[in-house]
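Written out below as structure tokens is the structure these notes cover.
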Amino acid sequence: MARVSGKKALITGGAQGLGACFGRMLAAEGAKVALTDINLKGAEETAAAINADHPGAAFAFPHDVTKKDDWVRVLAEASEAMDGISVLINNAGIGTFANIETETYEGWRRTQEIDVDSIFIGTQLAMPYLKDNQPASIINISSAAGLIADGMMLAYNTAKSAVRMMSKSIALHCARSGYDIRCNSVHPVFTRTPIIDPLIGLGGGGKTGEEKLVRQIPMKRLGEPEDVGYCILYLASDESRFVTAAEFKIDGGITAQ
Ligand SMILES: NC(=O)c1ccc[n+]([C@@H]2O[C@H](COP(=O)([O-])OP(=O)(O)OC[C@H]3O[C@@H](n4cnc5c(N)ncnc54)[C@H](O)[C@@H]3O)[C@@H](O)[C@H]2O)c1
3 MARVSGKKAL ITGGAQGLGA CFGRMLAAEG AKVALTDINL KGAEETAAAI
53 NADHPGAAFA FPHDVTKKDD WVRVLAEASE AMDGISVLIN NAGIGTFANI
103 ETETYEGWRR TQEIDVDSIF IGTQLAMPYL KDNQPASIIN ISSAAGLIAD
153 GMMLAYNTAK SAVRMMSKSI ALHCARSGYD IRCNSVHPVF TRTPIIDPLI
203 GLGGGGKTGE EKLVRQIPMK RLGEPEDVGY CILYLASDES RFVTAAEFKI
253 DGGITAQ
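Residue numbers (my numbering): 3 to 259.
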């Protein structure tokens, strides 16, 4: 029996990077996946690649997670395509790199809108679908930056720590309401996807920039998307059926220092 057989997962930001990897790994273990993204072409290409190996497993939808109307449409379409939604992976996000003196109000607002507000809007609208498809799992992608701070990550630190606490509040509400809907946050460190390119650039670019990031990580390497994907597989599956309001650090040890 595959690990997530029968699960129906909606993954935001599914066109590339972590979201695409989650889609591939969940489909390989028997789930249906709805990949949503503002980059529809990317989501369609990822879905096509998944379907080449697992016919009929993946679907793609255009979706701006900051827009309530988009959520209403995408939830209905994804539920129709997969015959329900039992896993919601709030993964879409942006990284913004500025400090208290250089961050703009627009940059600050945009980061909160995409990285935090979208999870409130989307999870609230997804609740009826998840309640209809119990046992269900909500997985919110926070960051190691939700646990430890950096002077150049003002807006991102703030957003990702909010995601951590929002996840616990959602989890407690669901548990106390008697729903079999779990909610957990995941905290990756620098992981090899396009989102870290600006950070590599800040460190001088190329190998030098990458080495500067790696130096901060006790295990002395960047994360690979699959390192996070194995945690997502566990949280999407019933193997984690007693796990809620927890935070999973996929961080090579960085937050222990
Ligand atoms: N890669 C890392 O080092 C790392 C570390 C910690 C946390 N994260 C988090 O993981 C998540 C995924 O990041 P990634 O590394 O795959 O980055 P990425 O930039 O490769 O992918 C992010 C995806 O989100 C999509 N997106 C952006 N804004 C959107 C919007 N308004 N609506 C819908 N989709 C939107 C993008 O089009 C893109 O496909 C993010 O929440 C990020 O903060 C990443």
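Here a beta-carbon is modelled for each residue, glycine too, at the ideal position from N, C-alpha and C. None of these values were measured; they are calculated from a predicted model.
Query raised in the report: Just to confirm, does residue 65 get its C-beta within under 7 Å of one of the non-hydrogen atoms of ligand 1?
Result: The count along the sequence shown starts at 1 and reaches residue 65 at position 63. Yes, Cβ of residue 65 sits closer than 7 Å to a heavy atom of ligand 1.
Query raised in the report: Could you give the uninterrupted runs of the beta strand (DSSP E) lying entirely in the segment 133-181, keeping only those of 3 residues or more?
Result: 138-143
Query raised in the report: Starting from residue 48 and walking both ways along the alpha helix (DSSP H), at which residues does that stretch end?
Result: The residue you call residue 48 lines up with position 46 of the sequence shown. Its alpha helix (DSSP H) spans residues 42-55.
Query raised in the report: What is the DSSP secondary structure of residue 39, reduced to helix, strand or coil?
Result: In the sequence shown, residue 39 corresponds to position 37, counting from 1. Strand, per DSSP.
Report task. Pick out whichever of 157, 12 and 19 has its Cα sitting closest to the Cα of residue 192. Result -> Taking the first residue of the sequence shown as 1, we reach residue 192 at position 190. Considering only alpha carbons, the answer is 19.
**Report entry** Environment of residue 131 [buried if 16+ CB atoms lie within 10 Å]
**Finding:** Residue 131 sits at position 129 when you count from the first residue of the sequence shown. So residue 131 ends up on the buried side.
Requested in this report: Leaving out five residues on either side along the sequence, give the residues of the same chain with a beta carbon under 6 Å from the beta carbon of residue 214.
Outcome: Looking up residue 214 in the sequence shown gives position 212. Answer for residue 214: 205, listed in chain order.
Requested in this report: Hey, could you find the ends of the beta strand (DSSP E) residue 12 is sitting in?
Outcome: The count along the sequence shown starts at 1 and reaches residue 12 at position 10. First-last of the beta strand (DSSP E) with residue 12: 10-14.
Report task. Could you tell me whether the segment 75-89 touches the segment 3-17, using the rule of 3 or more Cβ pairs below 8 Å? Result -> yes
Requested in this report: Return helix, strand or coil for residue 1, following the three-state DSSP convention.
Outcome: The requested residue 1 does not occur in the structure, where the chain is confined to residues 3 to 259.
Query raised in the report: Which residue or residues does DSSP assign as beta-bridge partners of residue 184?
Result: Locating residue 184 in the sequence shown gives position 182, counting from the first residue. DSSP, once it has assigned bridges, lists 139 as partnering residue 184.
**Report entry** Candidates 118, 53, 98 and 250, of which the one nearest residue 69 by Cα
**Finding:** For the purposes of this step, residue 69 is identified with residue 67 of the sequence shown, where counting begins at 1. Nearest C-alpha to residue 69: 118.
Requested in this report: Kindly list the residues whose CB is nearer than 7 Å to the CB of residue 152, restricted to its own chain and excluding five residues on each side of it in sequence; keep chain order.
Outcome: Counting from one through the sequence shown, the residue named residue 152 turns up at place 150. Around residue 152: 159.
Query raised in the report: Sorry if obvious, but does the Cβ on residue 257 come closer than 7 Å to a heavy atom of ligand 1?
Result: Along the sequence shown, one-based indexing puts residue 257 at 255. No; taking the cut-off as 7 Å, the Cβ of residue 257 has no heavy atom of ligand 1 nearer than that.
Query raised in the report: Quick one, which of 110, 162 and 141 has its alpha-carbon nearest residue 149's?
Result: Within the sequence shown, numbered from 1, the residue matching residue 149 stands at position 147. That would be 162, whose Cα lies nearest to the Cα of residue 149.
Query raised in the report: Bridge partners of residue 251, per DSSP?
Result: Translated into the one-based positions of the sequence shown, residue 251 becomes position 249. DSSP, once it has assigned bridges, lists 189 as partnering residue 251.
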